[in-house]
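Single-structure report; data block below.
Residue numbers (the UniProt record's numbering): 1 to 356.
Structural data, given as structure tokens:
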């Protein structure tokens with residue numbers, strides 16, 4: 001038996017499909033909100049006063065300028081820069097013809113004065129000369145003896161001998177060159193004596209520095225390496241030509257291949273700058289400011305909250321703050337310039353304020 005066909009189920013199916021299509025169309029028209037993607041950094045505690053930054057030159061801790069005691073023509077100069085030498089090694093000699101003649105002349109004068117005194121003593125015994133004349137002869141012998149000793153001393157300095165093991169840092173003259181007495185010929189750096197950095201500071205900086213203050217040293221020749229040291233010498237007067245006050249920083253022992261003359265970048269941390277009295281944030285966290293106050297965005301859960309802070313000083317790539325933040329709070333760095341107070345954000349990997 002045939003049953004009557006009903007059109008109701010197909011109609012219900014069509015209505016259901018239209019309703020679903022209408023719902024999907026409405027959902028696609030709603031805008032999708034994309035959260036601002038930012039990067040944060042933790043506020044860190046640091047020194048109350050700014051560190052002192054300057055440049056200097058690396059040098060051997062024990063450098064000696066070697067010279068001849070007398071002037072003359074250099075006969076032999078057997079070492080050059082970079083040579084390793086041992087204590088007692090002869091490094092240079094001066095032409096000795098003139099010096100030998102001076103020694104011989106002084107010796108002859110001394111011998112004549114000795115004979116004159118012997119003759120004078122016999123004459124005085126025979127009452128031929130007075131006591132005063134005899135004393136003059138004795139004085140003349142003493143003078144000639146001193147002149148002979150001086151000539152012999154100069155003769156002994158006609159050669160330069162290494163006073164200790166070390167390295168020839170600089171060669172300041174050449175063979176057959178005429179040099180004056182006391183002019184440096186070689187600069188010798190003592191072996192295993194360590195290195196120092198010499199530099200100069202302005203008056204407003206030198207008053208903050210004391211012996212023993214810590215320092216960090218970076219060398220252009222060794223990128224990525226940071227050395228440590230301490231202030232071991234502070235000048236008591238300024239240089240007459242530059243007006244700067246000289247200081248020396250002794251480096252802590254290191255296995256790095258250091259060389260005298262390398263350019264060094266110094267960061268001196270004055271002992272007066274006690275740790276923990278300032279809060280430091282990256283300079284990129286500052287949204288706006290007038291030199292004394294500024295605004296930053298602090299991360300509160302997933303929202304950016306604008307906050308006013310007090311500015312103490314700028315230190316490298318960071319800003320030291322007086323008020324407004326505590327150590328450990330997260331401030332927004334990348335993307336802070338485009339935020340509104342209270343805006344919800346999404347966080348990239350955090351970073352830490354770096355005062356270097």
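For each residue, glycine too, the CB sits at the ideal point set by N, CA and C.
- One Cα belongs to residue 154, the other to residue 52, and the distance between them is close to 48 Å.
- Taking the Cα of residue 192 as reference, the smallest distance to any Cα among 265, 124, 286 and 257 is reached at 257.
- Within the same chain, 43, 279, 281, 296, 298, 307, 309 and 331 come within 8 Å of residue 325 by CB-CB distance, once the 5 residues on both sides are set aside.
- Per the C-alpha coordinates, the member of 313, 135, 158 and 300 positioned closest to residue 292 is 313.
- When DSSP states are grouped into helix, strand and coil, residue 325 belongs to the coil group.
- For secondary structure counted as the alpha helix (DSSP H) over 4 or more consecutive residues, the region 96 to 168 holds these complete runs in sequence order: 97 to 125 and 131 to 156.
- 172 is the residue among 316, 227, 172 and 341 whose C-alpha sits nearest the C-alpha of residue 64.
- Boundaries of the alpha helix (DSSP H) around residue 203: 203 to 206.
- In the three-state DSSP reduction, residue 94 falls in the strand class (E or B).
- According to the DSSP assignment, residue 270 belongs to no beta strand (DSSP E), since it is labelled neither H nor E.
- Taking 9 Å as the cut-off, the beta carbon of residue 283 is found closer than this to the beta carbon of residue 318.
- Leaving aside the five residues that flank residue 102 on each side, the residues in its chain whose CB is nearer than 6 Å to its CB run, in chain order, 151.
- Inter-segment contact for the region 231 to 244 and the region 173 to 185 is absent: fewer than three beta-carbon pairs are separated by less than 8 Å.
- Our two residues, residue 97 and residue 126, have alpha carbons roughly 44 Å apart in a direct line.
- Judged by DSSP in its simplified three-state form, residue 286 adopts coil rather than helix or strand.
- When rounded, the separation of the alpha-carbon atoms in residue 48 and residue 165 is 45 Å.
- Between residue 36 and residue 339 a beta carbon distance of about 6 Å is seen, short of the 8 Å cut, so the two are scored as contacting.
- Spanning the alpha carbons of residue 261 and residue 157 requires a straight line of approximately 29 Å.
- When the beta-carbon positions are compared, residue 106 and residue 148 come within less than 9 Å of each other.
- Taking the C-beta atoms as reference points, residue 201 is found no nearer than 9 Å to residue 81.
- Here the region 118 to 133 does not lie against the region 197 to 216, with fewer than 3 beta-carbon pairs under 8 Å apart.
- A Cβ-Cβ separation of about 5 Å places residue 269 in contact with residue 214 under the 8 Å criterion.
- Rounded to whole angstroms, residue 264 and residue 143 show a C-alpha spacing of 53 Å.
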